[in-house]
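Novice: Quick one: this structure, given as C-alpha cells, is what I'll be asking you about.
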Amino acid sequence: MKGTTTMPTKTVFPLLLVYMFLAMLGAGLVIPILPQLLIEFGASGKAAGYLVSAFGLTQFLFSPIAGRFSDKYGRKPMIIGGLILFALSNLVGALASNFTVFHISRFIGGIGSAALAPSIMAYIVDITTENGEGFTSSWCGYEYG
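Okay, here's the thing in C-alpha cells:
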C-alpha cells in the first residue's frame, strides 16, 4: 500500500519528524545536567559513563525487536507505545530519588526510543510515493544528525 495517497504525508510527516527528534534527543538529554546529577546523587565519573551509555545500549539491543513488532503489529501502536515509554522514562527520571532509579529511567527511555525510531522510518516509507523517497529519507537522515 505504499504511496497510495499523498494527503497523510503532508499532515503526518512533520509530526513523525518531531517524534523522531524526541527519540534522538533522549540519548543526550541527560548530558547538560550530568555534573549536577553526579553531585546530587554522590556518583562517580564511571557511573556517569554508565548512565549516558544505558540509553544507547538499550536502544541498540531493542531496535531489532521493535522493528519486528512494528512489522507484525503495525507502525502506529509501536509509535504510540514508544512515546508512552519515552514520557514514562522522563517522569521516572524527574522523580528519581537515587541513582539506580535514574538508571532504570534511562533504560526505559532507550526501549521507548527503540520502539520509535524503526517504526517511524518504516511508517515514512509506507506513506511516501516513489518520487518523494529521496526527500523523506534525507529528512530522516538529518534527524540522526
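Using our numbering, the letters of the sequence shown correspond one by one to residues 695 to 839. Backbone N, C-alpha and C define an ideal beta-carbon position, used for all residues, glycine too.
1) By alpha-carbon positions, which one of L810, V819, G828 and S783 ends up nearest to A748?
2) Got a sec? Which residues, its chain only, sit under 6 Å from G804 by beta carbon, not counting five neighbours each side?
3) Can you give the Cα-Cα distance for L745 and A808, rounded to whole angstroms?
4) Please go through the same chain and pick out, in chain order, the residues whose beta-carbon is closer than 7 Å to the beta-carbon of V795, but skip the five residues on each side of it.
5) Measuring straight from C-alpha to C-alpha, what distance separates M695 and Y767?
6) Evaluate T843 with the Cβ neighbour count: other Cβ atoms within 10 Å of its Cβ, from every protein chain shown; 16 or more gives buried, anything less gives exposed.
7) Going along the chain, which residues of its own chain have a beta-carbon closer than 8 Å to the beta-carbon of I778, five neighbours each way excluded?
8) What's the C-alpha gap between M718 and L710?
9) Relative to the C-alpha of S813, which residue among I798, I773 and A788 is closest?
10) What's the C-alpha gap between A811 and A760?
11) For N784, report the span of its alpha helix (DSSP H) as first-last.
12) Which same chain residues, not among the five before or five after A737, have their C-beta less than 6 Å away from its C-beta?
13) Apart from the five residues just before and just after F735, which ones in its own chain have a Cβ nearer than 6 Å to its Cβ?
Specialist: Reading off the structure:
1) Ranking L810, V819, G828 and S783 by Cα distance to A748 puts S783 first.
2) Closer than 6 Å at the Cβ level, and outside the excluded window around G804, lie F749, T752 and Q753.
3) A808 has its alpha-carbon roughly 17 Å from the corresponding atom of L745.
4) Hits under 7 Å: V786.
5) Residue confidence is low: M695 scores 47 on pLDDT, short of 50, so the model does not pin down where it sits. Its coordinate-derived value is still stated next. So the alpha carbons of these two residues sit roughly 16 Å apart.
6) There is simply no residue 843 to check, as the chain begins at 695 and stops at 839 in what is shown.
7) If we look at I778 and ignore the five residues flanking it on each side, its Cβ neighbours are G806.
8) Answer to the nearest angstrom: the Cα atoms are 12 Å apart.
9) Nearest option by C-alpha distance: I773.
10) If I take the Cα positions, the gap works out to 9 Å.
11) Residue range R769 to A788 is occupied by the alpha helix (DSSP H) that includes N784.
12) Result list for A737: F793, in chain order.
13) Once the five neighbours on either side are set aside, the close Cβ partners of F735 are F793.
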